[in-house]
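Enquirer: For reference, each letter of the first sequence is one residue, going 641 to 1146 in the numbering used here. Every residue, glycine too, gets a C-beta built ideally from N, C-alpha and C. This is the structure I want to talk about, given as structure tokens.
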Amino acid sequence: MKDKNDQVVARLNKLERIREMGLNPYPHKFELCHDSAALLAEKDKLLESEESISFAGRIVRYNRKGKMCFMHLKDQHGRLQVVAAASLVSPEDYEVVKILDIGDWIGVRGSMFTTRKGEYSVKVLGLEMLSKAVRPLPIPKEKIDEQGNRVIFDEFKDVETRYRQRYLDLVLNDDVRDVFYKRSRIVQTIREYLLAQNYLEVETPTLQPVYGGANARPFSTHHNAADMTLYLRVANELYLKRCIVGGLDRVFEFTKNFRNEGMDRTHSPEFSSIEFYEAYADYNDMMVHFENIWEKACVAANGSTKIEYQSQEIDFKAPWPRLTVYEAIKKYADLEVESMNDDEIRAELDKRNVELEGEWMRGRAILELFEVTCEHHLIQPTFIIDFPKESTPLCKEHRENPDLVEQFEPYVNGWEVGNAYSELNDPLRQRELLEEQLERGRGGEDETHPMDENFLHAIECGMPPTGGVGIGIDRMIMLLTNQQTIRDVQLFPLMKPEHSETSAAE
RNA sequence: GGGCCAGUAGCUCAGUGGUAGAGCAACGCCCUUUUAAGGCGUGGGUCGAAGGUUCAAGUCCUUCCUGGCUCACCA
641 MKDKNDQVVA RLNKLERIRE MGLNPYPHKF ELCHDSAALL AEKDKLLESE
691 ESISFAGRIV RYNRKGKMCF MHLKDQHGRL QVVAAASLVS PEDYEVVKIL
741 DIGDWIGVRG SMFTTRKGEY SVKVLGLEML SKAVRPLPIP KEKIDEQGNR
791 VIFDEFKDVE TRYRQRYLDL VLNDDVRDVF YKRSRIVQTI REYLLAQNYL
841 EVETPTLQPV YGGANARPFS THHNAADMTL YLRVANELYL KRCIVGGLDR
891 VFEFTKNFRN EGMDRTHSPE FSSIEFYEAY ADYNDMMVHF ENIWEKACVA
941 ANGSTKIEYQ SQEIDFKAPW PRLTVYEAIK KYADLEVESM NDDEIRAELD
991 KRNVELEGEW MRGRAILELF EVTCEHHLIQ PTFIIDFPKE STPLCKEHRE
1041 NPDLVEQFEP YVNGWEVGNA YSELNDPLRQ RELLEEQLER GRGGEDETHP
1091 MDENFLHAIE CGMPPTGGVG IGIDRMIMLL TNQQTIRDVQ LFPLMKPEHS
1141 ETSAAE
């Protein structure tokens, strides 16, 4: 084993002693009748009846006072004290008690009682080693000082160590664990909402011969047997639309998407999203689903439609206000962008030091203007709707204004948290727009959509009117759990290998 | 990619050119109602890596590695 130190050696010696006692330090199973939550829920009854119970967990506190030992066992719901007294267990069991370490997993049998200091505890009558830990667990301790402040000693907080050894982060930091419990509840809420709306959950390819569905640079990889280049999906949009063509009228999919771009507080190379598509619906219908989902998810995680994100109160109560891109620019920059000519728009961008790459396009310039002047104002949930037609090649023209498309992007806390359209289902128009993307790619833009003949073929076979939505799950979790970086809502965020790991792999 | 900052014992940290330290954790002994339990004692270090300056480097210089914040890029 690597990195042996004195503490590891001490534990390995204890492991050997357990084996010498004829015990298996890594048994196959333990029958437990209660977890910590159940023991707490049935407290009165269990104290009254003194019936026998079994309970298991990881030792997170160990305080031996001679022939009596107080420990806290932690399971997934919380921690509970167990008290082992030499007078109540077999001599063999107490020999085991004496060489237990913080970090070990044990199972105990006994009954519930209350200590003299009033702590609800398990009175141990028998115990079993379930797994001997051979590395020490860092032990944060806390006390309340004279001023009543909570003081934490040895807090496990180094960010790099926390991410690299997330298992310890989860054991030692309850608030970290809570984020992932909430994450699960939020995802479950979304799934239940869509299932209740008669949606079908489907799965589409992660490895794709042609990537598409978003403006993004992909990761590429190689399939050896087929000798072909494959891309990790940047979005699942084009496959879900094929499902709609196939007559699956309402489909959704949770996916990991992969984008080969920068990493920062709100961007990770792999991130989770949900997309859902509904036949016969338009973007107005999808906005209703969207705000419903967020409101329900917020309540599921926080018990209320209101949250405080970094001391900013945000209320997800539906319905959310809707503002067109033009209205937003008018409101926040006081510019009547619709009646301005190209030179006037260019002047406004220059004033804000924004440069456009590639060929000049009025719609993209308006979009840039929106981003620099409006985004940071959009703190409370708001739907920004009716985007310039150049912003996406997959959306249907606006029914009243041919310069626009029926797209909405919801904003919260200044972040774009989703993207949705009345989906384009005119196959000839779709081909034109994808061909235009190819041209734009040749003109210098580096995140244009590639041509996807198979997708076009599907649309040519007839797609009904459809509304579609994509939601960035990670940013949603960040907001609803009050986390500042995307890495705090992903269990195992990407880290570069440590130096020693690299050399070991070679 | 640019700027700023950090890396010392298992954990949290001090050490500002002169013998590597503290608390907790570990090890040994004592202790039957503890709550950061306590008492006595002991051990534990490639100071992120490499090079340089110096009589002398954890400390100063250079390069590199890893990470954080931030700007740029990017949904």
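May I have the straight-line CA-CA distance separating S1143 from R1002, to the nearest angstrom?
Expert: Bear in mind that the predicted position of S1143 carries a pLDDT of just 38, short of 50, making it unreliable; the figure below should be weighed with that in mind. Approximately 52 Å, taken between the alpha carbons.
Enquirer: Measuring alpha carbon to alpha carbon, tell me which residue in E656, L1120, H674 and V700 is nearest S944.
Expert: With distances taken between Cα atoms, S944 lies closest to L1120.
Enquirer: Can you have a look at G902 and say buried or exposed, based on whether 16 or more other CB atoms are within 10 angstroms of its CB?
Expert: Flag for G902 reads exposed.
Enquirer: Please list, in chain order, all residues of the same chain as G1081 whose beta carbon is under 6 Å from its beta carbon, the five residues on each side excluded.
Expert: Within the same chain, G1081 has close Cβ partners T1088.
Enquirer: Give me whichever residues DSSP pairs with T1022 in a beta bridge.
Expert: In DSSP, T1022 forms a bridge with Y1051.
Enquirer: For H1089, does the three-state DSSP call read helix, strand or coil?
Expert: H1089 falls in the coil class under three-state DSSP.
Enquirer: Identify every run of the beta strand (DSSP E) within the region 840-890, keeping only runs that are complete inside it and at least 3 residues long; order them along the chain.
Expert: Runs of the beta strand (DSSP E) inside the region 840-890: 860-863 and 868-872.
Enquirer: Out of S912, V774, H1097 and E1063, which has the shortest C-alpha to C-alpha gap to P631?
Expert: Summary: the structure shown does not reach residue 631, with the chain confined to residues 641 through 1146, and so no result is reported for it.
Enquirer: Which word fits L835, buried or exposed, when buried means at least 16 other C-beta atoms lie within 10 angstroms of its C-beta?
Expert: So L835 counts as exposed.
Enquirer: Please state whether the Cβ-Cβ distance between E915 and L878 is less than 8 Å.
Expert: No. Outside cutoff.
Enquirer: Given K654, which residues of its chain have a CB within under 6 Å of its CB, disregarding the five upstream and five downstream residues?
Expert: Cβ within range, chain order: I739.
Enquirer: Quick check: what's the CA-CA separation for H674 versus Q1070?
Expert: The alpha-carbon atoms of H674 and Q1070 are separated by roughly 59 Å.
Enquirer: Give me the residue from G706, T964, Y1051 and I1099 with the minimum Cα distance to N1041.
Expert: Nearest option by C-alpha distance: T964.
Enquirer: At which residue ranges does the region 967-1018 contain complete alpha helix (DSSP H) runs of 4 or more residues, listed in the order of the chain?
Expert: 982-991 and 1002-1013, all fully within the region 967-1018.
Enquirer: Could you tell me which of G1083, K1036, N855 and C883 sits nearest to P845, measuring between CA atoms?
Expert: Checking every option, the nearest Cα to that of P845 belongs to C883.
Enquirer: May I have the straight-line CA-CA distance separating E688 from N932, to the nearest angstrom?
Expert: Going from the Cα of E688 to the Cα of N932 covers about 46 Å.
Enquirer: Looking at T1013: is its Cβ nearer than 8 Å to the Cβ of Y972?
Expert: For T1013 and Y972, yes; Cβs fall inside 8 Å.
Enquirer: To the nearest angstrom, how far is the alpha carbon of E732 from that of R756?
Expert: So the two alpha carbons sit approximately 26 Å from each other.
Enquirer: If you pair each beta-carbon of the region 1087-1103 with each one of the region 800-811, do three or more pairs fall below 8 Å?
Expert: No, the region 1087-1103 is not in contact with the region 800-811.
Enquirer: Straight-line CA distance for S1031 to R817?
Expert: So the alpha carbons of these two residues sit roughly 39 Å apart.
Enquirer: Would you call the region 1100-1118 and the region 1054-1065 touching, i.e. three or more CB-CB distances under 8 Å?
Expert: They touch, by the three-pair rule.
Enquirer: Does DSSP put F1132 in a helix, in a strand, or in coil?
Expert: The answer is coil: DSSP assigns F1132 none of H, G, I, E or B.
Enquirer: Return yes when the Cβ of F1048 is within less than 8 Å of the Cβ of Y923, no when it is not.
Expert: Their beta carbons are under 8 Å apart, which means Y923 touches F1048 by this criterion.
Enquirer: Mind checking which residues open and close the alpha helix (DSSP H) that includes V819?
Expert: Start and end: D814 to A836.
Enquirer: Taking 8 Å as the cut-off, decide whether the C-beta atoms of V729 and V764 are in contact.
Expert: In this structure, V764 lies closer than 8 Å to V729 by Cβ.
Enquirer: Roughly how many angstroms lie between the CA atoms of E1079 and I985, to the nearest whole one?
Expert: Near 24 Å, if we compare the C-alpha coordinates of I985 and E1079.
Enquirer: Out of A940, E1046 and R698, point me to the one whose CA is closest to S771's CA.
Expert: The shortest Cα separation from S771 among A940, E1046 and R698 belongs to R698.
Enquirer: Which value, in whole angstroms, describes the spacing of the CA atoms of I830 and A937?
Expert: Taking the straight line from one Cα to the other gives about 7 Å.
Enquirer: Using the Cβ count rule (16 or more neighbours within 10 Å means buried), how would you classify R651?
Expert: R651 is buried by the Cβ-count criterion.
Enquirer: Between which two residues does the beta strand (DSSP E) containing I914 stretch?
Expert: Here the beta strand (DSSP E) through I914 covers E910 to A919.
Enquirer: Alpha carbons only, please: which of V850, G887 and A856 is nearest the one belonging to Y871?
Expert: When only C-alpha atoms are compared, the closest one is V850.
Enquirer: Suppose the cutoff is 8 Å on Cβ atoms and the five residues either side in sequence are ignored; what does the same chain contact list for A1175 look like?
Expert: Lying before the first or after the last residue shown, residue 1175 is absent from the chain, which here runs from 641 to 1146.
Enquirer: For F1095, which option in Q1020, T906 and Q848 has the closest C-alpha, if you only look at C-alpha atoms?
Expert: When each option's Cα is compared against that of F1095, the closest is Q848.
Enquirer: Rounding to the nearest angstrom, what Cα-Cα distance links R659 and Y666 in this structure?
Expert: Roughly 10 Å separates the two Cα atoms.
Enquirer: At what residues does the beta strand (DSSP E) containing N1059 begin and finish?
Expert: G1058 to S1062 is the span of the beta strand (DSSP E), which, as asked, contains N1059.
Enquirer: Out of R775, I1117, K1136 and L996, state which residue places its alpha-carbon closest to the alpha-carbon of D1128.
Expert: Ranking the options by Cα distance to D1128, first place goes to I1117.
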